[in-house]
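Asker: Numbering (the working numbering), first residue to last: 1 to 257. Every residue gets a Cβ at the ideal spot worked out from N, C-alpha and C, and that includes glycine.
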Ligand SMILES: NC(=O)c1ccc[n+]([C@@H]2O[C@H](COP(=O)([O-])OP(=O)(O)OC[C@H]3O[C@@H](n4cnc5c(N)ncnc54)[C@H](OP(=O)(O)O)[C@@H]3O)[C@@H](O)[C@H]2O)c1
């Protein structure tokens with residue numbers, strides 16, 4: 001977890017509850033910390049890294065926040081349903097759902113794992129959350145420019161299956177906007193360039209030496225984890241943009257959508 005100033009005004013989320021998928025580490029962990037600092041009761045979700053999730057929860061409880069830790073592989077529908085039951089029991093409902101967890105570059109996974117996690121599981125999580133989302137709730141889907149713009153701007157071959165699966169997930173979620181709006185739920189996609197210091201960026205750099213420096217040069221600068229997480233946290237609070245999209249940082253080298 002990176003130490004930075006708060007992303008949100010103190011107390012702005014008092015009495016609200018927020019679940020961030022994949023919040024044991026990386027961008028998700030910093031996002032959940034910003035919510036807790038703003039007064040929210042939070043849910044930390046992880047797949048494997050229970051000790052990290054528990055350590056983060058202990059830190060957030062020291063801030064005075066309530067923090068529920070739920071291990072659930074999002075590709076497991078029963079585990080997702082149990083997670084939502086646990087949230088309902090703990091907090092009585094949900095005001096913010098951040099769909100942050102992502103994957104597909106892990107070794108030893110089934111061939112369709114990227115699509116299963118980045119598209120199907122995102123819809124599963126949102127559908128499972130719908131009954132407990134309160135009026136005025138906000139859903140935020142986190143993605144990368146490399147995925148958001150994949151139809152018009154090619155990316156590195158190692159990342160292409162992930163990018164295509166994440167864009168398919170974004171499209172499947174966007175299809176649900178009318179239903180969400182009829183329920184009083186706002187939906188925002190937050191897209192960012194490669195983020196310095198993440199495992200994904202490190203893996204891509206290993207496969208393509210110089211990739212990060214080259215993106216930094218094209219974009220002017222790259223965001224770090226804490227900075228990007230702050231944008232994700234603000235997307236949960238700021239008015240929903242008319243196109244439901246919050247592009248973070250320079251997009252000059254990405255064409256169209
Ligand atoms: N990294 C970048 O450069 C970059 C750039 C732009 C946008 N983004 C977006 O930001 C988001 C977070 O990226 P990140 O780099 O912070 O990710 P990360 O470090 O790889 O963290 C992924 C998180 O997702 C969890 N997770 C993975 N598979 C899961 C599953 N099947 N079920 C439940 N949880 C699962 C992990 O939990 P465990 O650790 O317990 O497995 C971890 O908490 C992603 O949506 C990504 O596309 C990233």
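Please report the residue range of the alpha helix (DSSP H) in which residue 222 lies.
Answerer: For the purposes of this step, residue 222 is taken as residue 222 along the chain shown, with counting starting at 1. Counting along the chain, residue 222 falls outside any alpha helix (DSSP H), and DSSP gives it neither H nor E.
Asker: For residue 90, which residues in the same chain have their Cβ closer than 6 Å to its Cβ, ignoring the five residues on either side in sequence?
Answerer: Residue 90 sits at position 90 when you count from the first residue of the chain shown. Closer than 6 Å at the Cβ level, and outside the excluded window around residue 90, lie 68.
Asker: Where in the stretch 167-243 do unbroken runs of the beta strand (DSSP E), each at least 3 residues long, occur, reported from the N-terminal end onward?
Answerer: 186-192
Asker: Taking the straight line between their C-alpha atoms, what separation do you get for residue 133 and residue 124?
Answerer: Numbered from 1 along the chain shown, position 133 holds the residue referred to as residue 133. Numbered from 1 along the chain shown, position 124 holds the residue referred to as residue 124. If you take the alpha carbons of residue 133 and residue 124, they lie about 14 Å apart.
Asker: Please work out which residues of its chain come closer than 8 Å, Cβ to Cβ, to residue 1, disregarding the five sequence neighbours upstream and downstream, and give them in chain order.
Answerer: As a working note, residue 1 is residue 1 in the chain shown. Because residue 1 sits at a pLDDT of 49, beneath the cut-off of 50, its placement in the model cannot be relied upon, and the point is left open.
Asker: Any heavy atom of ligand 1 closer than 6 Å to the beta-carbon of residue 94?
Answerer: Here residue 94 refers to the residue found at position 94 of the chain shown. For residue 94, the CB stays at least 6 Å from every heavy atom of ligand 1.
Asker: On the premise that residue 100 lies in contact with residue 142, defined as a C-beta separation below 8 Å, what is that separation, rounded to the nearest angstrom?
Answerer: In the chain shown, the residue the question calls residue 142 occupies position 142. In the chain shown, the residue the question calls residue 100 occupies position 100. That belief holds up - the Cβ atoms of residue 142 and residue 100 are roughly 5 Å apart, short of 8 Å.
Asker: For residue 136, count neighbouring C-beta atoms within 10 Å of its own C-beta (all shown protein chains included) and say buried if the count is 16 or more, exposed if not.
Answerer: To locate residue 136, count along the chain shown from 1; it is residue 136. Per the 10 Å Cβ criterion, exposed.
Asker: So which of 96, 64, 129, 50 has the shortest CA-CA distance to residue 86?
Answerer: Working through the chain shown from its first residue, we reach residue 86 at position 86. Nearest C-alpha to residue 86: 129.
Asker: Do three or more CB pairs link the stretch 114-124 to the stretch 161-176 at distances below 8 Å?
Answerer: At 8 Å Cβ cutoff, the stretches touch.
Asker: Please report the straight-line C-alpha distance between residue 151 and residue 17, rounded to a whole angstrom.
Answerer: On the chain shown, position 151 is the one that residue 151 refers to. On the chain shown, position 17 is the one that residue 17 refers to. Residue 151 and residue 17: Cα-Cα distance of roughly 35 Å.
Asker: Apart from the five residues on each side of it in sequence, which residues of its chain come closer than 7 Å, Cβ to Cβ, to residue 258?
Answerer: With the chain represented from 1 up to 257, any question about residue 258 goes unanswered, as that position is not in the structure.
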